Structures are given as C-alpha cells and as structure tokens.
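Peer 1:
Numbering (my numbering), first residue to last: 182 to 621.
Right, dumping it as structure tokens:
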C-alpha cells in the first residue's frame with residue numbers, strides 16, 4: 182500500500198491580489214451554504230484567517246510530489262475523485278451524498294462556465310485539506326464494508342477516524358454509529374486494575390493484540406485524550422460520561438492519571454471531573470512538592486505532569502495557573518474543615534424527640550460527639566488537613582460505631598446520618614469552585 186505524503190496548503194501573503202484568491206469551502210457546520218468548488222479550493226475547518234490558495238501554487242505543489250492512487254478505494258467505476266494528503270480516491274458520489282448534508286449540498290453546485298466539474302478526473306480532483314489519507318481510508322471502509330466485516334473489523338483507531346471524519350463532513354448516522362460502538366466496546370471491558378493505567382480498549386486495538394502486552398502509559402493516555410476531545414467535539418454524552426467514569430477510576434491509581442484528568446478537565450471545562458482531579462493531585466502531592474515548570478526544566482527535557490526525584494521526594498511539574506489553583510484549593514479546604522470542626526452540622530430533630538424526648542440532651546449528645554471526634558479521632562486525623570471529604574466520611578463511620586450508646590433519639594440519629602451525607606454531597610459538587618484561582 183502506498184504511503185501517503187503530507188501535503189500542506191499554500192497560504193499566500195496578505196498582499197496577494199484578490200483575483201488570485203480562491204474561495205475556501207468549509208464543512209457544513211462551519212458555513213451556512215456550500216459554494217462551488219474547484220481544484221484550487223480546499224475543504225476544511227476554517228482557521229482564524231481565511232485560507233487562500235492560487236491555482237498556480239496548487240499545481241506547483243502537485244508537480245513536486247505527484248499524487249498516488251489509493252490501492253483500496255480508487256474504484257474503476259467511481260464517479261468522484263478526491264485528493265486527500267496527496268492520495269487519490271475514486272468513490273461514488275451517491276454514496277457520499279446519501280448521508281452527508283455537506284457533500285449532498287456541494288454536489289448540487291454547478292461548475293462555473295465551461296470548467297470541468299470537481300472530482301471529474303485525476304487532474305481535477307475534489308481537494309480535502311487537514312485530513313490524513315489513512316483516516317479518510319478508514320472512513321471509506323465503513324461506507325463500503327459488508328455487515329460481517331463491520332462486526333469484526335471496527336477497532337478503536339478506525340472508529341475514532343470514522344467518527345471524526347463523519348462529524349467534519351456531516352455524516353450524522355455514521356458518526357452516531359461510530360461513537361456508540363466505542364461506548365459499547367468500553368462498557369464490555371473491565372476497569373483497569375494496576376497503577377499504570379491501560380486504556381480499556383487497548384486489547385482490541387489491533388488484530389494481534391491478544392498475544393501482546395498492553396500499550397505503554399503514554400499510548401493509553403493519548404487514546405484517552407483523543408476520545409475525550411472527540412466526545413466533546415461531537416457532543417456525545419454517552420461517550421463523554423463513559424470516559425469521565427474511566428478517568429475517575431484511573432486517577433485513584435496514580436498521580437499521573439490524576440494529572441491527565443486535571444489537564445483534560447481544564448482544557449475542556451469538565452467541571453464534574455475538574456474538582457475531583459485537582460483534589461486527587463493535591464492529596465497525593467502536598468503543595469511543597471508541586472513545582473511550576475520553568476524554561477530551565479524544559480531545557481532538561483521535562484514536560485507538564487513529569488516527576489523528578491532529587492532525594493527529598495518526588496516533585497510534580499505543573500503550570501503556574503495549576504499551581505495557583507492547587508494552593509487556592511488547599512487553603513479553602515483547610516478553612517472549610519476548621520469551620521466544620523468548630524460548628525457542628527445542624528440537624529433537624531424528629532417530632533417524637535420534640536414531644537417525648539429530652540431535646541436538650543439529644544442536642545448536647547450530638548454536640549459532644551462532633552467536637553470530640555472531629556478533634557481527637559484517629560480515623561479523622563489520619564486524613565490530610567485538606568481532605569474534608571475524607572474527614573467527613575470518617576466522622577460518619579465514628580457515628581455508626583456509637584450505635585445506641587449516644588443519648589440521641591433514634592430518629593434524630595437518622596437525621597444526623599443524612600446531614601453528614603448531604604454535606605459530603607454538597608462539598609463534592611462544589612469542588613471545582615474550591616480550586617478557582619480567584620480570591621473573592
């Protein structure tokens with residue numbers, strides 16, 4: 182099979198004349214209406230500045246490295262020739278237009294004047310930029326594959342390529358199928374059980390994977406990052422929720438996994454994951470061992486999320502913003518526990534306690550329990566000062582150990598249990614706010 186050669190579009194300088202500029206056609210979700218395309222035009226997600234390419238510059242680039250025909254998808258009876266990454270594909274227009282709002286609209290636009298239609302020959306192909314030939318080949322596979330081939334051949338890298346390309350060019354049903362297939366495969370695999378997080382789908386990534394070991398941590402992390410971004414790009418809630426759950430399980434197995442979750446949560450605004458990831462990094466690496474990555478560190482080959490052990494303990498390298506958030510979170514969480522320790526949780530006394538019980542004795546018993554255990558319990562004090570959730574859960578366990586020995590009405594004891602559980606829930610849901618870098 183021929184190896185695709187990267188072909189970067191020529192972007193002329195700002196002083197190029199307008200009559201030399203060819204209009205760019207963007208995918209359906211980037212433009213209100215498609216326009217006529219020529220061999221000098223490109224199909225891509227538009228950058229901040231409009232991409233422009235002249236006819237002559239396009240021909241010069243093709244002359245330097247002549248495109249090759251794809252061995253699998255240059256069909257002898259194809260009706261649309263597409264150039265991707267200097268590889269020619271000859272496929273059927275009806276197949277592309279059937280499910281794609283982008284291609285179906287594009288094919289309705291007539292060619293200007295007497296010019297040949299885009300995709301009519303190898304010399305006049307329909308040009309797609311910012312796509313790789315292997316990814317486009319994987320996408321064409323799902324359009325042409327037989328049912329039994331789809332059932333046995335849809336591995337993870339191929340599904341990712343299919344979903345991304347389908348999203349870009351408006352193949353909604355193909356996109357949904359690919360994303361749902363990824364989620365279904367994820368759900369069939371057990372969660373990771375060792376400290377080096379292995380992506381759950383890694384074992385089906387290649388046909389020979391059954392006899393090979395799991396990929397290294399970096400490879401697995403790259404897959405996770407790609408899938409989370411893909412789920413966010415496609416607004417696919419099932420995949421996003423599945424990946425967040427996988428990250429939650431994995432980040433408790435190692436601080437590098439927690440940092441990966443932290444980085445993704447920051448980048449994509451995943452507030453449901455952000456607070457948990459910051460707390461996990463904070464509890465595993467006290468602020469004294471969190472270091473801002475400097476240029477000197479970069480010169481030594483270190484990157485964000487790396488460790489360095491200089492004999493005084495491992496240090497985690499983070500960005501300046503991440504360090505500020507971790508320090509802010511540490512301060513707020515410690516302060517929150519001090520407030521809880523001084524002021525016991527308020528509980529609603531049961532009606533039976535109001536009528537038939539000594540309410541003052543019930544309240545005093547709860548107050549003495551809270552102040553004693555929050556200050557002296559070994560189970561509580563074993564948790565880090567910033568581990569408010571851990572300390573509250575330890576208080577719940579201490580309360581259960583008391584049983585009926587406390588002078589509290591049985592229904593009031595249930596109210597106390599609920600109060601502890603509700604406070605744990607409230608703090609968990611507000612963790613992301615604890616790590617905001619602003620001090621108001």
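Each residue gets a CB set at the ideal place from its N, CA and C atoms; glycine is no exception. Keep in mind it's a predicted model, so treat the numbers as computed, not measured.
Only counting the same chain, and skipping five residues up and downstream in sequence, which positions put a Cβ closer than 7 Å to that of residue 528?
Peer 2: 547, 593, 596, 597, 600
Peer 1: From the DSSP output, which residues share a beta bridge with residue 250?
Peer 2: Per the DSSP secondary-structure output, residue 250 pairs in a beta bridge with 269.
Peer 1: Measure how close the beta-carbons of residue 459 and residue 506 come, nearest whole angstrom, since I'm counting them as under 8 Å.
Peer 2: 6 Å
Peer 1: How should residue 354 be labelled, buried or exposed, when 16 other C-beta atoms within 10 angstroms of its C-beta is the threshold for buried?
Peer 2: exposed
Peer 1: In terms of residue numbering, what span does the alpha helix (DSSP H) encompassing residue 605 cover?
Peer 2: 591-610
Peer 1: Let's test the definition: count the other Cβ atoms within 10 Å of the Cβ of residue 602 and tell me whether it reaches 16, buried, or not, exposed.
Peer 2: Exposed is the call here.
Peer 1: Pop quiz: residue 405 and residue 449 are said to be a contact at Cβ under 8 Å. What is the actual Cβ separation, rounded to whole angstroms?
Peer 2: About 12 Å separates the two Cβ atoms, so there is no contact after all.
Peer 1: When the Cα of residue 559 is compared with those of 575, 569, 545, which residue comes out closest?
Peer 2: 575
Peer 1: With respect to the alpha helix (DSSP H) encompassing residue 472, which residues constitute its N-terminal and C-terminal limits?
Peer 2: Where residue 472 is concerned, there is no enclosing alpha helix (DSSP H), although the beta strand (DSSP E) it sits in stretches over 471-473.
Peer 1: Enumerate in chain order the residues of its own chain whose CB-to-CB distance from residue 271 is below 6 Å, with the five nearest sequence positions on each side excluded.
Peer 2: 255, 256, 259, 262
Peer 1: Are the beta-carbon atoms belonging to residue 581 and residue 554 less than 8 Å from one another?
Peer 2: no
Peer 1: Taking the alpha carbon of residue 607 as the reference point, which residue from 570, 500, 618, 278 has its own alpha carbon closest?
Peer 2: Of 570, 500, 618, 278, the residue nearest in Cα terms is 570.
Peer 1: Identify which residue in 499, 280, 323, 317 has its Cα closest to the Cα of residue 476.
Peer 2: Answer by Cα proximity: 499.
Peer 1: Measuring only the C-alpha atoms, how far is residue 557 from residue 408?
Peer 2: Using only the alpha carbons, I get a separation of about 46 Å.
Peer 1: Tell me where the alpha helix (DSSP H) around residue 444 begins and ends.
Peer 2: 436-449
Peer 1: Taking C-beta to C-beta, are residue 412 and residue 421 nearer than 8 Å?
Peer 2: yes
Peer 1: Could you give the distance in angstroms between the alpha-carbon of residue 444 and the alpha-carbon of residue 324?
Peer 2: 35 Å
Peer 1: Go to residue 454, then tell me how far its alpha helix (DSSP H) extends in each direction, as first and last residue.
Peer 2: 452-465
Peer 1: Rounded C-beta distance between residue 451 and residue 567? I'm assuming under 8 Å.
Peer 2: Contact doesn't hold; Cβ gap of about 21 Å is too wide.
Peer 1: Counting contacts by CB-CB distance shorter than 8 Å, is residue 576 in contact with chain B?
Peer 2: Any reference to chain B falls outside this structure, which holds one protein chain only.
Peer 1: Cβ-heavy atom distance between residue 501 and the ligand FMN below 7 Å?
Peer 2: No copy of the ligand FMN appears in this structure; indeed no ligand is present at all.
Peer 1: When burial is assigned at 16 or more other CB atoms within 10 Å of the CB, is residue 246 buried or exposed?
Peer 2: exposed
Peer 1: Kindly list the residues whose CB is nearer than 6 Å to the CB of residue 565, restricted to its own chain and excluding five residues on each side of it in sequence; keep chain order.
Peer 2: Same-chain partners within the cutoff: 464.
Peer 1: Since residue 561 and residue 572 should fall inside the 8 Å C-beta cutoff, what is the C-beta to C-beta distance between them, to a whole number of angstroms?
Peer 2: Between residue 572 and residue 561 the Cβ distance is about 5 Å, and since that is below 8 Å, they are a contact.
Peer 1: With three or more C-beta pairs closer than 8 Å as the rule, is the stretch 356-365 touching the stretch 282-302?
Peer 2: no
Peer 1: Is residue 352 helix, strand or coil when you go by DSSP?
Peer 2: strand
Peer 1: Could you check the C-alpha separation between residue 191 and residue 457 for me, to the nearest Å?
Peer 2: Note on residue 191: pLDDT 41, under 50, position unreliable in the model; the coordinate value appears next. Rounded to the nearest angstrom, the two C-alpha atoms are 45 Å apart.
Peer 1: Are the beta-carbon atoms of residue 345 and residue 326 separated by less than 8 Å?
Peer 2: no
Peer 1: What's the gap between the Cα of residue 276 and the Cα of residue 472?
Peer 2: 54 Å
Peer 1: Can you name the start and end residues of the alpha helix (DSSP H) that residue 561 belongs to?
Peer 2: 559-562
Peer 1: How long is the line joining the alpha carbons of residue 591 and residue 417, rounded to whole angstroms?
Peer 2: 46 Å
Peer 1: Does DSSP put residue 544 in a helix, a strand or coil?
Peer 2: The three-state secondary structure of residue 544, taken from DSSP, is helix.
Peer 1: Spatial neighbours of residue 514 within its chain, please: CB distance less than 7 Å, with the 5 preceding and 5 following residues excluded, ordered by chain position.
Peer 2: So the list reads 567, 569, 615, once near-sequence residues are dropped.
Peer 1: According to DSSP, simplified to helix, strand and coil, what is residue 281?
Peer 2: strand
Peer 1: Do residue 367 and residue 423 have their CB atoms nearer than 8 Å?
Peer 2: Inclusion of residue 367 and residue 423 in the CB contact set at 8 Å is warranted, their separation being smaller than that value.
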